[in-house]
Amino acid sequence: MNDVADRIPDAELGERLRLARETVKLRQEDAARQIGVARTTVVAIEAGQRRVRLDELQILAAHYRTSVNALLRREAVHLDLVPRFRRLRSGHATAVYDASKLLSDLVSAEVELENALGVKRVQAYPPERPILPGDVESQAEQDAQEVRSWLGLGPGPLRGLLPLLELQLGVRLFVRPLDQSVSGLFAFDERAGACMLLNSRHSQERLLQSALHELAHLIATRQALEVIIDDAAVGSREERYASCFARCFSMPARSLRQRFQDLTAGQSHLTRRHVILLADLFGVSREAMVRRLEELTLARAGTWDWFQANGGIPGELVRQAVREEGRALPSDWSEVEGGASRLALMAREVWKRGLYSEGQLAQLLRVDRYQMRVLLDGAEAEAGEADDQVKLAR
Amino acid sequence: MKLMIKSSSHADLHVPMVADASVMINVIATERAAEIVGALRRRIVVVENVVRELEGGVAAGHDQVGQLHALVQRGLIHRAELGEVGLSLYEQLVSGNAAETLDDGEAATISHAVEVDGVVLIDERKAMRLCRERFGALGVETSVGILLSSEVRAALGAEGQADAVFEALRKARMRVPAERLEEVVAIVGPQRLVYCSSVPPSVRSRGSK
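Those protein sequences? They're chains A and B, same order as listed. Quick note: the first sequence uses our numbering, first residue 15, plus one each step. Quick note: the second sequence uses our numbering, first residue 1365, plus one each step.
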């Protein structure tokens, strides 16, 4: 039975409140005004010296965009990713804020559910390779090849990069709809490890490049937070490294040369059809493919510009339009979770065991009730039919 | 059959019913919410937390909170704040270990139902367990219980009732308690259940034979 004595210690609650307030960038004066007390009272609450009242908690929870249960629940995890991203000052402040809050909430949820299930997340990251003096692009190309090799990937096109990142490397990966201007976020947290957020509103090809861009950060600039923004100029050495790493990883030189040769054998000109086939084969955009062909001198410099000046490469626009228009109800959970699945699976398990309610999980996973039901679909039946035949040997 | 509420006062039309977000979502998904709520002839209440929850999570293409506001405006549903007693119970339900607590809306709904000696309308299994453990005398009913009631059948007709249950299953993935499953199959029909993923596969497959 939970009585008032079961409440988490005031000091811990105060710390959670402070973090929640800083996450939404409110000052202590603002919080004080909301609950009708002096600023010094808020200071005392956050220091654990003055017990916060329930009605005050309700008001603060609403303003801090969280719930009372999230503040009071003993096992809730509270990270400080948002203030760290804010210090990056990357432009598009609101979009970045929303994305960093989402990433922070999802990582917290994942850690909390792991704790509930007694799961120890294995981190199997590739060794760090800091960027050395000298030509950045050739380092990136070499590192891309070596990391592919380290991961046990063959020379051909990539398949299943997201599951690889999440399940083989142990990266905390989430794919959710973000503002169009944000391609992704990367953070490395002492407690939680490597965390990545990608934009499900982007095309699959763009998502792949963003994921590889973030993998490059995991390799070369692990301790630095990163925001990948649409219009950011690729200027710094780190950015050039990441872009080059991404394209060399997804379109390895030898493999691409081989297939290029196979596809164009006996023909006199590079055609749109060649580009479309190669791009689909490697899972990249048509522009990315043409630029890589130019880089490898398989196509003359300026080829992409030529295509653009002559009507572009059809189909790209149609596919992009189809993705951007969005969908109504998600029809299955891969649409809700975008291909990253651990969090959804753990949510089903804790729900089946009666540890967390649908409402608590919806709040944790930052989804609405409809989406939560998509994620929990069939879980009750699974629990009902679970029998020794399908029991996992441990 | 009449609403099967585990409380001695179930027949009492003066007993208010306090509805959780999940039940509101299911009832609204039937597209006959006003008639269903009207048929119950009881005071139906939602607490402010639940209104806020529905406001905060608008699923693409569905306007749950708009429909809720319409029902409130027509006097079919009433909004309520927790009183002193309710707040105290609420605190117990949101504070403590994860396994022994609930989300704000669920906790507020149950607390208010206890506070007003009402019946709680809720589908969530864990919430129902906590109700049994702490408020054994509290009347509890589910979305399915409401939709399958004779009151709703009288208001919508047999076919209307079957359609309403089907829509709630199909659009909102309404949860069906195991003990009411066969009734749902009988009313909706095995063929239509093929489309309802919240029903166990063993039952859904009957429709494809």
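The C-beta atom is built at its ideal place from N, Cα and C for all residues, glycine as well. None of the values given here were measured: they were computed from a predicted structure.
Reduced DSSP secondary structure (H/G/I, E/B, other) of residue i
{"i": "H1442 of chain B", "result": "strand"}
{"i": "E1488 of chain B", "result": "coil"}
{"i": "A1383 of chain B", "result": "strand"}
{"i": "F296 of chain A", "result": "helix"}
{"i": "E26 of chain A", "result": "helix"}
{"i": "D112 of chain A", "result": "helix"}
{"i": "M1538 of chain B", "result": "coil"}
{"i": "L146 of chain A", "result": "coil"}
{"i": "E1515 of chain B", "result": "helix"}
{"i": "S1452 of chain B", "result": "helix"}
{"i": "V332 of chain A", "result": "For V332 of chain A, the predicted structure reports a pLDDT of 49, less than 50, and the residue's modelled location is therefore unreliable. A value from the coordinates is still provided. Helix, per DSSP."}
{"i": "A75 of chain A", "result": "helix"}
{"i": "C209 of chain A", "result": "strand"}
{"i": "I327 of chain A", "result": "coil"}
{"i": "F1530 of chain B", "result": "helix"}
{"i": "V1410 of chain B", "result": "strand"}
{"i": "L1457 of chain B", "result": "helix"}
{"i": "D244 of chain A", "result": "coil"}
{"i": "L369 of chain A", "result": "coil"}
{"i": "S197 of chain A", "result": "strand"}
{"i": "S1566 of chain B", "result": "helix"}
Neighbour-count burial assignment, residue i, 16 or more Cβ in a 10 Å radius
{"i": "S1514 of chain B", "result": "exposed"}
{"i": "K1535 of chain B", "result": "buried"}
{"i": "L1377 of chain B", "result": "exposed"}
{"i": "E339 of chain A", "result": "With a pLDDT of 44 at E339 of chain A, under the threshold of 50, the modelled position of this residue cannot be trusted, and the question is left open."}
{"i": "K1490 of chain B", "result": "buried"}
{"i": "E155 of chain A", "result": "buried"}
{"i": "G373 of chain A", "result": "buried"}
{"i": "D157 of chain A", "result": "buried"}
{"i": "N1413 of chain B", "result": "buried"}
{"i": "A1522 of chain B", "result": "exposed"}
{"i": "P266 of chain A", "result": "buried"}
{"i": "G1503 of chain B", "result": "buried"}
{"i": "T1506 of chain B", "result": "buried"}
{"i": "W164 of chain A", "result": "exposed"}
{"i": "H92 of chain A", "result": "buried"}
Closer than 8 Å at the beta carbon, the chain B residues around residue i
{"i": "R88 of chain A", "result": "G1460, N1461 and A1462"}
{"i": "G12 of chain A", "result": "Lying before the first or after the last residue shown, residue 12 of chain A is absent from chain A, which here runs from 15 to 408."}
{"i": "E128 of chain A", "result": "None at all; the shortest Cβ gap to chain B is about 13 Å."}
Residues that residue i contacts on chain A, provided the C-beta gap is smaller than 7 Å
{"i": "L1432 of chain B", "result": "Per Cβ cutoff of 7 Å: no residues; L1432 of chain B is ~13 Å from chain A at best."}
{"i": "G1389 of chain B", "result": "In the sequence under discussion, the amino acid at residue 1389 of chain B is Ile, which differs from the Gly named in the question. R383, listed in chain order."}
{"i": "E1488 of chain B", "result": "S371, E372 and G373"}
Residue i Cβ short of 7 Å to the ligand GDP heavy atom set
{"i": "D44 of chain A", "result": "The ligand GDP is absent from the structure shown, which contains no ligands of any kind."}
Contact list for residue i against chain A, beta-carbon separation under 9 Å
{"i": "P1554 of chain B", "result": "By Cβ distance, chain A contributes nothing, its closest Cβ being about 16 Å from P1554 of chain B, past 9 Å."}
{"i": "P1380 of chain B", "result": "Here the premise fails: no neighbours, minimum Cβ distance about 21 Å."}
{"i": "A1491 of chain B", "result": "S371, E372 and G373"}
{"i": "D1468 of chain B", "result": "Q72, A75, S81, V82, N83, A84, G373 and Q377"}
{"i": "R1364 of chain B", "result": "One cannot answer for residue 1364 of chain B here, as it falls past the ends of chain B, which runs 1365 to 1573."}
Closest residue to residue i among the options (Cα-Cα distance)
{"i": "L192 of chain A", "options": "A:P141, A:A393, A:A395 and A:R380", "result": "A:R380"}
{"i": "R35 of chain A", "options": "A:I22, A:V56, A:L178 and A:A25", "result": "A:V56"}
{"i": "D1340 of chain B", "options": "B:R1407, B:V1529 and B:H1433", "result": "Residue 1340 of chain B falls outside the range modelled here, since chain B spans only 1365 to 1573, and no answer is possible."}
{"i": "G1469 of chain B", "options": "B:R1396, B:A1518 and B:L1418", "result": "B:L1418"}
{"i": "R1544 of chain B", "options": "B:D1527, B:L1512 and B:R1405", "result": "B:L1512"}
{"i": "A302 of chain A", "options": "A:S214, A:L222, A:R67 and A:E29", "result": "A:L222"}
{"i": "V121 of chain A", "options": "A:L378, A:L181, A:E70 and A:R286", "result": "A:L378"}
{"i": "A1519 of chain B", "options": "B:D1467, B:S1386, B:V1401 and B:V1379", "result": "B:V1401"}
{"i": "A1542 of chain B", "options": "B:E1479, B:S1566, B:L1435 and B:N1390", "result": "B:S1566"}
{"i": "R367 of chain A", "options": "A:E396, A:Y255 and A:G28", "result": "A:E396"}
{"i": "V96 of chain A", "options": "A:G148, A:T54 and A:K39", "result": "A:K39"}
{"i": "L270 of chain A", "options": "A:S224, A:R251 and A:P171", "result": "A:P171"}
{"i": "R32 of chain A", "options": "A:V66, A:G50 and A:R21", "result": "A:V66"}
{"i": "I73 of chain A", "options": "A:V161, A:G50 and A:S104", "result": "A:G50"}
{"i": "R205 of chain A", "options": "A:K134, A:E160, A:Y78 and A:R88", "result": "A:K134"}
{"i": "N129 of chain A", "options": "A:L27, A:Y370, A:F274 and A:R21", "result": "A:Y370"}
{"i": "V1580 of chain B", "options": "B:L1557, B:A1397 and B:V1508", "result": "No statement about residue 1580 of chain B is possible, as the shown extent of chain B runs from 1365 to 1573 and does not include it."}
Chain-ordered neighbours of residue i on chain B, where CB pairs are closer than 7 Å
{"i": "L359 of chain A", "result": "Those within 7 Å of L359 of chain A in chain B number zero; the least Cβ separation is about 17 Å."}
{"i": "A123 of chain A", "result": "The contacting residues do not exist; A123 of chain A stays about 12 Å from chain B at best."}
{"i": "A395 of chain A", "result": "P1564 and P1565"}
Chain A contact residues for residue i, given Cβ-Cβ distances below 8 Å
{"i": "T1394 of chain B", "result": "Simply none; closest approach about 15 Å."}
{"i": "L1451 of chain B", "result": "L68 and D69"}
9 Å Cβ cut-off: residues of chain B touching residue i
{"i": "R20 of chain A", "result": "Checking the sequence, you will find Asp at residue 20 of chain A rather than Arg. Within chain B, the residues near D20 of chain A are Q1456, S1459, G1460, N1461 and E1464."}
message: Whether or not the stretch 189-203 of chain A and the stretch 237-245 of chain A are in contact is what I'm after, with contact meaning three or more pairs of Cβ atoms, one per stretch, closer than 8 Å; do they touch?
response: yes
- Query: If you pair each beta-carbon of the stretch 183-190 of chain A with each one of the stretch 209-217 of chain A, do three or more pairs fall below 8 Å?
  - Reply: yes
- Message: Within 8 Å, do at least three Cβ pairs link the stretch 135-142 of chain A to the stretch 103-114 of chain A?
- Response: no
**Q.** the stretch 245-265 of chain A contacting the stretch 222-233 of chain A, beta-carbon criterion three pairs below 8 Å
**A.** yes
- Query: Any contact of the stretch 48-63 of chain A with the stretch 82-101 of chain A, i.e. 3+ C-beta pairs under 8 Å?
  - Reply: no
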